[in-house]
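Below is one structure; the comments refer to it alone.
In this note's numbering, the protein residues as written are 74 to 256.
Spelled out as structure tokens, the structure:
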């Protein structure tokens, strides 16, 4: 199995729990790619997609895509680009959203309607994790995301934005989800 990590707006490859997860998975022998996406403070979707394709030209069932916050709509947009022979094994969306949060710097990731049938066809399994007290992403947005993807919503009670500011410098739940897929 291989993992591709998509960090949040204003973040980098080591932000929040990403660095911990990458290190832990590499110790278990997994391939992990987690680039510093360009323009992190003023991100452009096309640049993030191009950066992804610089690392992986073709995704298959061995790939797990993991995103935090803005990394989630980035994953959804990536899945929309998949050809007929391309499909990810799983996507884990943490503190994700697919609506305009009225933040001009990140609007380009969500201003176009999402092609939900295409997205669902491009990935075998989805996991959606949101918190019930996220100051940026309402819980009902996580539920809508899960509904659109045919996934169950995993609720982190009191998890905030599931980032460093909420105490998440490691994230054992993600590790458990990934390890369960290896069996």
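Note that CB positions come from ideal geometry on N, CA and C, so glycine has one too.
With DSSP run on the structure shown, which of helix, strand or coil describes residue 148?
helix
Assuming the contact rule is C-beta atoms closer than 8 Å, residue 77 and residue 136 should be a hit. Round their C-beta distance to whole Å, please.
6 Å
Can the beta-carbon of residue 166 be found less than 9 Å from the beta-carbon of residue 199?
yes
Apply the 10 Å Cβ neighbour rule to residue 125 and answer buried if 16 or more other Cβ atoms are within range, or exposed otherwise.
buried
Only counting the same chain, and skipping five residues up and downstream in sequence, which positions put a Cβ closer than 6 Å to that of residue 119?
none
Report the CB separation of residue 106 from residue 128 in whole angstroms; it is logged as a contact under 8 Å.
5 Å
Can you give me the C-alpha to C-alpha distance between residue 232 and residue 243, rounded to a whole angstrom?
13 Å
Would you kindly work out how many angstroms separate the C-alpha atoms of residue 104 and residue 98, rounded to a whole number?
8 Å
Which term fits residue 175, buried or exposed, when burial requires 16 or more other beta carbons within 10 angstroms of its beta carbon?
Around the beta carbon of residue 175, fewer than 16 other beta carbons lie within 10 angstroms, which makes this residue exposed.
With DSSP run on the structure shown, which of helix, strand or coil describes residue 223?
coil
Residues in the same chain with beta-carbon distance under 8 Å from residue 177, minus the five sequence neighbours each way, listed in chain order, please.
none
Limits of the unbroken beta strand (DSSP E) element including residue 141
136-141
Using the DSSP secondary-structure output, state which residues sit across from residue 229 in a beta bridge.
Looking at the DSSP assignment, residue 229 forms a beta bridge with 204.
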